[in-house]
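S.K.: Per numbering that gives the first Met the number 0, the very first residue in the sequence shown carries number 0; after that it's consecutive. One structure coming up, written as structure tokens, with questions to follow.
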Amino acid sequence: MYNSLDIKPHIEGILDRAIKGNISHKEALELMQTTGTEFKALILAADVFREELVGDQITYIQNWNINFTNICTGNCGFCAFRKGQIDEGAYFLNIEEIVRRARKAWEDGAVEICIQGGLHPDVDAVFYEKILKSVKEEIPDIHIHAFSPMEIYYGAKQSKMSLKDTLMMLKEAGLDSMPGTAAEILNDDVRSIICPGKLKTQEWVNVIENAHQNGIPTTCTMMYGHVEKLEHRVEHLDLLRNIQKKTGGFTEFVPLTFMHQNTPIYQQGISSPGTTGTEDLKLYAVSRLMFGDLLKNIQVSWVKLGFKFAQICLTAGCNDLGGTLGEENISKSAGAQHGVYTPPDNLQRIIRDLGRVPAERDTLYRDIRPLKA
Ligand code: SF4
Numbered sequence: 000m001y002n003s004l005d006i007k008p009h010i011e012g013i014l015d016r017a018i019k020g021n022i023s024h025k026e027a028l029e030l031m032q033t034t035g036t037e038f039k040a041l042i043l044a045a046d047v048f049r050e051e052l053v054g055d056q057i058t059y060i061q062n063w064n065i066n067f068t069n070i071c072t073g074n075c076g077f078c079a080f081r082k083g084q085i086d087e088g089a090y091f092l093n094i095e096e097i098v099r100r101a102r103k104a105w106e107d108g109a110v111e112i113c114i115q116g117g118l119h120p121d122v123d124a125v126f127y128e129k130i131l132k133s134v135k136e137e138i139p140d141i142h143i144h145a146f147s148p149m150e151i152y153y154g155a156k157q158s159k160m161s162l163k164d165t166l167m168m169l170k171e172a173g174l175d176s177m178p179g180t181a182a183e184i185l186n187d188d189v190r191s192i193i194c195p196g197k198l199k200t201q202e203w204v205n206v207i208e209n210a211h212q213n214g215i216p217t218t219c220t221m222m223y224g225h226v227e228k229l230e231h232r233v234e235h236l237d238l239l240r241n242i243q244k245k246t247g248g249f250t251e252f253v254p255l256t257f258m259h260q261n262t263p264i265y266q267q268g269i270s271s272p273g274t275t276g277t278e279d280l281k282l283y284a285v286s287r288l289m290f291g292d293l294l295k296n297i298q299v300s301w302v303k304l305g306f307k308f309a310q311i312c313l314t315a316g317c318n319d320l321g322g323t324l325g326e327e328n329i330s331k332s333a334g335a336q337h338g339v340y341t342p343p344d345n346l347q348r349i350i351r352d353l354g355r356v357p358a359e360r361d362t363l364y365r366d367i368r369p370l371k372a
């Protein structure tokens, strides 16, 4: 389809190779820089490739977020969620309250709860274990998607346990999968500017590979549009692609466009005010072409993009619209307009208006139920 456009033969050659699942780091960077007709061809090629790989279904999940504390000893410059222990608005949910919210989520139709929190000084791996056991005891069938690689790394250190023992203990207690958050941009020069206290690139990779090797699948993410260059975005995608080749443990890729408004790095003039729409579209399209059939699920975040633009991004190679999100605090704190629960019908409407088929899924994309019109 894209071949009918009048595009530079060189770019056409890259796209032809890309939809055969064969695109190099250097070629991906060239695609990230396209404008005009070449940009349109890129979006079309990613959409054609999406159709070949996963068809016309757009999935979403009924889920609920539980952010158990916003008290954090971290210092990420892009974070507007964290609070100090005595700051106004600081909170720390007790286990009973976490279980109560999980039960409410389950009764409201959620099949997954995503549990994450700040790096509270009193939290350790044993506390995470307690959360998991308490929730599973009350609601054994709910899928617990919990704890970022940073939280796992922090919890293990706090408990003086090895990464492997921590992961095994948490799996045993009911950890079904993990969010691949805290990835931001996996380049240590960028990390030293935006999140100097966070785990380094190789440490993030270690947690993720350890999780995969111990039977805990994870998502993978990228937070982009702050201080990084296009090269860093491609480097990040390439690194994720290599992990996936090795372990096959990623279930989906979730690009997260930077929400700048209330964040320290924007307020101090260090970061850009986020991406433009074409940058987002190119990121989605290039990731579809780079991952090929290694990782088939690419998610659009309606929380970050808003419903209207999220719908447009579904035409750039994406096949998932994320979750209904019973409770969402993190993006909201950073200034996102969207982010507290949307009913399934709203997501279905967006998907149907695009001429695609809505389907409800579980966390691991094993149970996918298409919905009739
Ligand atoms: S992003 Fe997470 S680790 Fe970093 S400051 Fe915010 S809550 Fe803490």
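Glycine included, every Cβ here is placed at the ideal spot set by N, Cα and C.
When you compare only the Cα positions, how much space is there between P139 and T250?
M.R.: Within the sequence shown, numbered from 1, the residue matching residue 139 stands at position 140. Within the sequence shown, numbered from 1, the residue matching residue 250 stands at position 251. Those two C-alpha atoms are separated by around 22 angstroms.
S.K.: Could you tell me whether the Cβ atoms of T362 and Q61 are closer together than 8 angstroms?
M.R.: In the sequence shown, residue 362 corresponds to position 363, counting from 1. In the sequence shown, residue 61 corresponds to position 62, counting from 1. Their beta carbons are not under 8 angstroms apart, which means T362 does not touch Q61 by this criterion.
S.K.: Return helix, strand or coil for S191, following the three-state DSSP convention.
M.R.: Indexing the sequence shown from 1 puts residue 191 at position 192. Note: S191 maps to helix in three-state DSSP.
S.K.: In the region 117-172, which residue ranges form an unbroken beta strand (DSSP E) of at least 3 residues, counting only runs that do not cross its ends?
M.R.: 142-145
S.K.: Using the beta-carbon count (16 or more within 10 Å), is E37 buried or exposed?
M.R.: Your numbering for residue 37 matches position 38 in the sequence shown. So E37 ends up on the buried side.
S.K.: Measure the CB-CB distance between L118 and C71 and report whether it falls below 8 angstroms.
M.R.: Working through the sequence shown from its first residue, we reach residue 118 at position 119. Working through the sequence shown from its first residue, we reach residue 71 at position 72. Their beta carbons are under 8 angstroms apart, which means L118 touches C71 by this criterion.
S.K.: Hey, is K197 close to the ligand SF4, as in C-beta under 7 angstroms from one of its heavy atoms?
M.R.: Counting from one through the sequence shown, the residue named residue 197 turns up at place 198. Indeed, a heavy atom of the ligand SF4 lies less than 7 angstroms from the Cβ.
S.K.: Report buried or exposed for S0, applying the criterion of at least 16 other Cβ atoms within 10 angstroms of its Cβ.
M.R.: Position 1 of the sequence shown, counted from the first residue, corresponds to residue 0. The sequence as given places Met at residue 0; Ser does not occur at that position. With fewer than 16 other Cβ atoms within 10 Å, it is exposed.
S.K.: Using beta-carbon positions only, say whether T165 and Q212 come within less than 8 angstroms of one another.
M.R.: For this step, residue 165 is matched to residue 166 along the sequence shown. For this step, residue 212 is matched to residue 213 along the sequence shown. Their beta carbons are not under 8 angstroms apart, which means T165 does not touch Q212 by this criterion.
S.K.: Can you look up G76 in the DSSP assignment and give me helix, strand or coil?
M.R.: As a position in the sequence shown, residue 76 is number 77, starting the count at 1. Here G76 sits in coil by DSSP.
S.K.: Do I112 and I65 have their C-beta atoms closer together than 8 angstroms?
M.R.: Here residue 112 refers to the residue found at position 113 of the sequence shown. Here residue 65 refers to the residue found at position 66 of the sequence shown. Their beta carbons are under 8 angstroms apart, which means I112 touches I65 by this criterion.
S.K.: Check each candidate in R355, I151 and Y265 and name the one with the smallest Cα separation from I311.
M.R.: The sequence position of residue 311 within the sequence shown is 312, counting from 1. I311 has its Cα closest to that of R355, out of R355, I151 and Y265.
S.K.: Per the DSSP calculation, I10 is bridged to which residue(s)?
M.R.: Residue 10 sits at position 11 when you count from the first residue of the sequence shown. DSSP output for I10 lists no bridge partner at all.
S.K.: For a quick check, are the C-beta atoms of A104 and E137 less than 8 angstroms apart?
M.R.: Here residue 104 is taken as the residue at index 105 of the sequence shown, counted from 1. Here residue 137 is taken as the residue at index 138 of the sequence shown, counted from 1. Result no, Cβ atoms of A104 and E137 do not sit closer than 8 angstroms.
S.K.: Return the Cβ separation of A315 and L280 in integer angstroms, given the expectation that the two are a contact with Cβ distance under 8 angstroms.
M.R.: Counting from one through the sequence shown, the residue named residue 315 turns up at place 316. Counting from one through the sequence shown, the residue named residue 280 turns up at place 281. With 8 angstroms as the limit, A315 and L280 qualify as a contact, their Cβ atoms being about 5 angstroms apart.
S.K.: Helix, strand or coil: which one does DSSP assign to F252?
M.R.: Here residue 252 is taken as the residue at index 253 of the sequence shown, counted from 1. In the structure shown, F252 sits in a strand (DSSP, three-state: E or B).
S.K.: Check whether the region 149-157 and the region 194-210 are in contact - that is, three or more C-beta pairs closer than 8 angstroms.
M.R.: yes
S.K.: Hey, how far is the Cα of D366 from the Cα of N21?
M.R.: Start at 1 with the first residue of the sequence shown, and residue 366 comes out as number 367. Start at 1 with the first residue of the sequence shown, and residue 21 comes out as number 22. Each residue's alpha carbon lies about 29 angstroms from the other.
S.K.: Return the bridge partner residues of A358 from the DSSP annotation.
M.R.: By 1-based counting over the sequence shown, the position of residue 358 is 359. In DSSP, A358 forms a bridge with T58 and P369.
S.K.: Ignoring anything shorter than 3 residues or poking outside the region 213-264, list the beta strand (DSSP E) runs there in chain order.
M.R.: 217-223 and 249-256
S.K.: If you reduce the DSSP assignment to three classes, tell me which class Q298 lands in.
M.R.: Indexing the sequence shown from 1 puts residue 298 at position 299. Residue state, collapsed to three classes: strand.
S.K.: Going by the CB atoms, is the gap between L162 and N209 shorter than 8 angstroms?
M.R.: Here residue 209 refers to the residue found at position 210 of the sequence shown. Here residue 162 refers to the residue found at position 163 of the sequence shown. Yes. Within cutoff.
S.K.: Between the region 232-242 and the region 40-59, do three or more beta carbon pairs fall short of 8 angstroms?
M.R.: no
S.K.: How about A372 and I42: are their beta carbons less than 8 angstroms apart?
M.R.: Sequence index remark: in the sequence shown, residue 372 carries index 373 (1-based). Sequence index remark: in the sequence shown, residue 42 carries index 43 (1-based). It is not a contact, given that the beta carbons lie outside the stated cut-off.
S.K.: Check whether chain D comes within 8 angstroms of K295, counting only Cβ atoms and requiring the distance to be less than that.
M.R.: Chain labels in this structure do not include chain D; a single protein chain is all it has.
S.K.: Using C-beta distances below 8 angstroms, list every residue in its chain close to N186, excluding the 5 sequence neighbours before and after it, in chain order.
M.R.: Here residue 186 corresponds to residue number 187 of the sequence shown, with the count starting at 1. Excluding residues within five positions, the ones whose Cβ falls inside 8 angstroms are T200, E227, H231, E234 and H235.
S.K.: Taking the alpha carbon of I242 as the point to measure from, which residue in Y265, Y223 and T217 has its own alpha carbon closest?
M.R.: Position 243 of the sequence shown, counting from 1, holds the residue named residue 242. Comparing Cα positions, the closest option is T217.
S.K.: Return yes when the C-beta of M177 is under 7 angstroms from any heavy atom of the ligand SF4, and no when it is not.
M.R.: Taking the first residue of the sequence shown as position 1, residue 177 is located at position 178. It does not: the Cβ of M177 is nowhere closer than 7 angstroms to a heavy atom of the ligand SF4.
S.K.: Would I193 and H142 qualify as a contact pair, given that the criterion is a beta-carbon distance under 8 angstroms?
M.R.: Looking up residue 193 in the sequence shown gives position 194. Looking up residue 142 in the sequence shown gives position 143. I193 places its beta carbon 8 angstroms or farther from that of H142.
S.K.: Is S23 helix, strand or coil when you go by DSSP?
M.R.: Residue 23 sits at position 24 when you count from the first residue of the sequence shown. In the structure shown, S23 sits in coil (DSSP, three-state: anything other than H, G, I, E or B).
S.K.: With a Cβ-Cβ cutoff of 8 angstroms, do V98 and V47 count as a contact?
M.R.: Looking up residue 98 in the sequence shown gives position 99. Looking up residue 47 in the sequence shown gives position 48. Not a contact, by the Cβ cut-off of 8 angstroms.
S.K.: Beta-carbon within less than 8 angstroms of G268's beta-carbon, same chain only, minus the 5 sequence neighbours each way: which residues are those?
M.R.: One-based indexing of the sequence shown puts residue 268 at position 269. Cβ neighbours of G268 beyond the five flanking positions: none.
S.K.: Determine which residues share a DSSP beta bridge with W63 and list them.
M.R.: Taking the sequence shown and counting its residues from 1, one reaches residue 63 at position 64. The partner list for W63 (beta bridge, DSSP) reads I112.
S.K.: Just mark Q298 as buried or exposed, buried being the case when its beta carbon has 16 or more other beta carbons within 10 Å.
M.R.: Locating residue 298 in the sequence shown gives position 299, where the first residue counts as 1. When all chains shown are included, Q298 counts as buried.
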